[in-house]
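Q: Chains as they are written, first to last, in the working numbering: chain A, 4 to 186; chain B, 19 to 96.
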Amino acid sequence: MTEQAPSLRIALIGTIPNLRAFAMSLCGDPHLASDLVQETLLKGWAHRDTYVPGTNLKAWLFTILRNTYFSSLRKSRREVQDVDGAMASTLASAPEQHGHLDLADFNKAMKQLSPDQREALLLIGAEGFSYEEVAEIAGCAPGTIKSRVNRARARLAELMGLNSVDDLGAGASVQAVVQRLQA
Amino acid sequence: MQPGGKDASREPETSGEPQEHNDMNQGIEDDTDLKLNSRAQVLIGQRLRTVYDELVQQPVPERLLKLLEELERKEGKE
Numbered sequence: 004m005t006e007q008a009p010s011l012r013i014a015l016i017g018t019i020p021n022l023r024a025f026a027m028s029l030c031g032d033p034h035l036a037s038d039l040v041q042e043t044l045l046k047g048w049a050h051r052d053t054y055v056p057g058t059n060l061k062a063w064l065f066t067i068l069r070n071t072y073f074s075s076l077r078k079s080r081r082e083v084q085d086v087d088g089a090m091a092s093t094l095a096s097a098p099e100q101h102g103h104l105d106l107a108d109f110n111k112a113m114k115q116l117s118p119d120q121r122e123a124l125l126l127i128g129a130e131g132f133s134y135e136e137v138a139e140i141a142g143c144a145p146g147t148i149k150s151r152v153n154r155a156r157a158r159l160a161e162l163m164g165l166n167s168v169d170d171l172g173a174g175a176s177v178q179a180v181v182q183r184l185q186a
Numbered sequence: 019m020q021p022g023g024k025d026a027s028r029e030p031e032t033s034g035e036p037q038e039h040n041d042m043n044q045g046i047e048d049d050t051d052l053k054l055n056s057r058a059q060v061l062i063g064q065r066l067r068t069v070y071d072e073l074v075q076q077p078v079p080e081r082l083l084k085l086l087e088e089l090e091r092k093e094g095k096e
């Protein structure tokens with residue numbers, strides 16, 4: 004056990020950046036995110052006997068984190084929603100790189116998603132888990148995850164005005180398609 | 019009702035592969051509506067990863083490193 008412990012600690016440290024990014028993106032509140040990560044590490048450590056070596060440690064910890072978050076969300080839904088804007092202001096200093104789509108707009112749009120849609124989109128689109136892995140993390144069917152991701156993307160596109168050509172920063176080929184549609 | 023519902027019905031039922039990498043190609047062949055939509059999805063994906071990667075790159079707080087050291091030290095005593 005004393006031989007195994009240091010490597011577990013090191014392995015846990017390796018997951019912290021992703022745990023923090025996921026927690027922050029999921030709940031949108033720096034303080035809550037910080038608490039979530041700490042609680043996840045404490046729970047992970049306390050239940051380390053239930054982790055199967057060789058399986059995906061990050062996915063295991065993400066499961067703990069999202070379960071902690073969703074159960075706290077059920078307990079105090081109103082309180083959690085009051086933190087609106089926290090994430091947008093935290094990220095306000097991030098450099099603009101990608102066209103005229105505003106980073107703050109994106110963060111605002113992300114907050115409009117339901118928590119389960121946001122979770123699915125983050126795990127698939129940002130973390131790169133497979134639909135099966137996310138289904139296991141979130142405790143539902145892969146088809147459910149797929150549908151949540153699709154809805155999340157459609158809603159984001161709608162909120163960010165990406166369905167409108169003017170806001171798309173459209174390339175020539177897209178413009179051509181639109182002209183054909185309008186003709 | 020949901021825009022997503024329409025898209026979901028057009029996507030293949032196979033659930034083995036992450037859809038992410040297929041999104042760009044799907045619909046480009048014949049459906050102009052989906053082509054616009056997939057363009058939007060690419061932009062959304064890029065923005066999502068930009069925001070997320072920035073969060074991932076933030077330094078690990080000293081507090082959490084100390085917490086794990088403490089847990090490990092306690093275990094050693096048990």
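Built from N, CA and C at the ideal position, the CB exists for glycine as well.
(1) From the beta carbon of B/Glu90, is the nearest beta carbon of chain A less than 9 Å away?
(2) Who are the Cβ neighbours of B/His39 in its own chain at under 7 Å, not counting the five residues just before and after it?
(3) Interface residues of chain B around A/Asn59 at Cβ under 7 Å?
(4) In angstroms with no decimal places, state the Cα-to-Cα distance between A/Glu135 and A/Asp32.
(5) Determine the contact status of B/Ala58 and A/Asn166, defining contact as a CB-CB distance below 9 Å.
(6) Cutting at 6 Å between CB atoms, please list the residues of its own chain near A/Leu124, excluding the five before and the five after it.
(7) Would you check if there are 3 or more beta carbon pairs closer than 8 Å linking the region 49 to 64 of chain A to the region 110 to 121 of chain A?
(8) With A/Leu128 and B/Leu66 assumed to form a contact (beta carbons below 8 Å), what rounded beta-carbon distance in angstroms separates them?
(9) Evaluate B/Glu87 with the Cβ neighbour count: other Cβ atoms within 10 Å of its Cβ, from every protein chain shown; 16 or more gives buried, anything less gives exposed.
(10) With 9 Å as the threshold, decide whether the Cβ of A/Gln41 is near any Cβ in chain B.
(11) Of all the options A/Ser75, A/Ala160 and A/Leu45, which has the alpha carbon lying nearest to the alpha carbon of A/Pro118?
(12) To which residues of the same chain is A/Pro56 closer than 6 Å at the C-beta, ignoring the five residues directly before and after it?
(13) Residue range of the alpha helix (DSSP H) that A/Phe109 falls in?
(14) Is the beta carbon of A/Ala14 sitting closer than 9 Å to the one on A/Ala26?
(15) If we define contact as Cβ-Cβ less than 9 Å, is A/Ile16 a contact residue for chain B?
(16) Measure from the C-beta of B/Glu87 to each C-beta in chain A and report whether the shortest distance is under 9 Å.
(17) In angstroms, rounded to a whole number, what distance separates the CA positions of A/Gly47 and A/Ala138?
(18) Indicate whether at least one CB of chain B lies closer than 9 Å to the CB of A/Trp63.
(19) Report the three-state DSSP secondary structure of A/Gly47 (helix, strand or coil).
(20) Consult DSSP for A/Phe132 and reduce its assignment to one of helix, strand or coil.
(21) Rounding to the nearest angstrom, what Cα-Cα distance links B/Val74 and A/Thr53 in this structure?
(22) Where does A/Asn59 sit, in a helix, a strand or coil, going by DSSP?
(23) Please report how far the alpha carbon of B/Glu80 lies from the alpha carbon of A/Asn70, in whole angstroms.
(24) Closer than 7 Å by C-beta to A/Leu162: which residues in its own chain qualify, once you throw out the five before and the five after it? Chain order, please.
A: Working from what's here:
(1) Taking the second sequence and counting its residues from 1, one reaches residue 90 of chain B at position 72. Taking 9 Å as the threshold, the shortest C-beta distance from B/Glu90 to chain A falls below it.
(2) On the second sequence, residue 39 of chain B is found 21 positions in, with the first residue counted as 1. For B/His39, the predicted model reports a pLDDT of 45, less than 50, meaning its position is unreliable; a value from the coordinates is still stated below. So no residue of the chain qualifies.
(3) As a working mapping, residue 59 of chain A is identified with position 56 in the first sequence. Within 7 Å Cβ-Cβ: nothing; A/Asn59 doesn't reach chain B, min ~15 Å.
(4) Locating residue 135 of chain A in the first sequence gives position 132, where the first residue counts as 1. Locating residue 32 of chain A in the first sequence gives position 29, where the first residue counts as 1. Distance between the alpha carbons of A/Glu135 and A/Asp32: 28 Å.
(5) Numbered from its first residue, the second sequence carries residue 58 of chain B at position 40. Numbered from its first residue, the first sequence carries residue 166 of chain A at position 163. Yes. Within cutoff.
(6) Within the first sequence, numbered from 1, the residue matching residue 124 of chain A stands at position 121. Val152 and Ala155.
(7) The answer is no - the region 110 to 121 of chain A does not touch the region 49 to 64 of chain A, with fewer than three Cβ pairs under 8 Å.
(8) Position 125 of the first sequence, counting from 1, holds the residue named residue 128 of chain A. Position 48 of the second sequence, counting from 1, holds the residue named residue 66 of chain B. Sequence inspection shows Gly at residue 128 of chain A; the Leu mentioned does not correspond to that position. Between B/Leu66 and A/Gly128 the Cβ distance is about 5 Å, and since that is below 8 Å, they are a contact.
(9) Here residue 87 of chain B is taken as the residue at index 69 of the second sequence, counted from 1. Exposed: under 16 other Cβ atoms inside 10 Å.
(10) Residue numbering aside, residue 41 of chain A sits at position 38 when the first sequence is read from its first letter. A/Gln41 counts as touching chain B.
(11) Residue numbering aside, residue 118 of chain A sits at position 115 when the first sequence is read from its first letter. Out of A/Ser75, A/Ala160 and A/Leu45, A/Ser75 has the C-alpha closest to the C-alpha of A/Pro118.
(12) By one-based count along the first sequence, residue 56 of chain A stands at place 53. There are no such residues.
(13) In the first sequence, residue 109 of chain A corresponds to position 106, counting from 1. First-last of the alpha helix (DSSP H) with A/Phe109: Leu106 to Gln115.
(14) Your numbering for residue 14 of chain A matches position 11 in the first sequence. Your numbering for residue 26 of chain A matches position 23 in the first sequence. Cβ atoms of A/Ala14 and A/Ala26: not closer than 9 Å.
(15) Within the first sequence, the letter at position 13 stands for residue 16 of chain A. For A/Ile16, the nearest CB of chain B lies under 9 Å from its own CB, placing it at the interface with that chain.
(16) Along the second sequence, one-based indexing puts residue 87 of chain B at 69. True, the Cβ-Cβ gap to chain A drops below 9 Å.
(17) Numbered from its first residue, the first sequence carries residue 47 of chain A at position 44. Numbered from its first residue, the first sequence carries residue 138 of chain A at position 135. Roughly 20 Å between the two C-alpha positions.
(18) Translated into positions along the first sequence, residue 63 of chain A becomes position 60. Answer no: the Cβ-Cβ gap between A/Trp63 and chain B never drops below 9 Å.
(19) Numbered from 1 along the first sequence, position 44 holds the residue referred to as residue 47 of chain A. In the structure shown, A/Gly47 sits in a helix (DSSP, three-state: H, G or I).
(20) Within the first sequence, the letter at position 129 stands for residue 132 of chain A. Coil, per DSSP.
(21) Walking along the second sequence from the start, residue 74 of chain B turns up at place 56. Walking along the first sequence from the start, residue 53 of chain A turns up at place 50. Looking at the two C-alpha atoms, the distance is approximately 27 Å.
(22) To locate residue 59 of chain A, count along the first sequence from 1; it is residue 56. Under the three-state reduction of DSSP, A/Asn59 is assigned to coil, being neither helix nor strand.
(23) Along the second sequence, one-based indexing puts residue 80 of chain B at 62. Along the first sequence, one-based indexing puts residue 70 of chain A at 67. In a straight line, the C-alpha of B/Glu80 is about 25 Å away from that of A/Asn70.
(24) As a first step, residue 162 of chain A must be located in the first sequence, where it is residue number 159. Here the set comprises Ala112 and Gln115.
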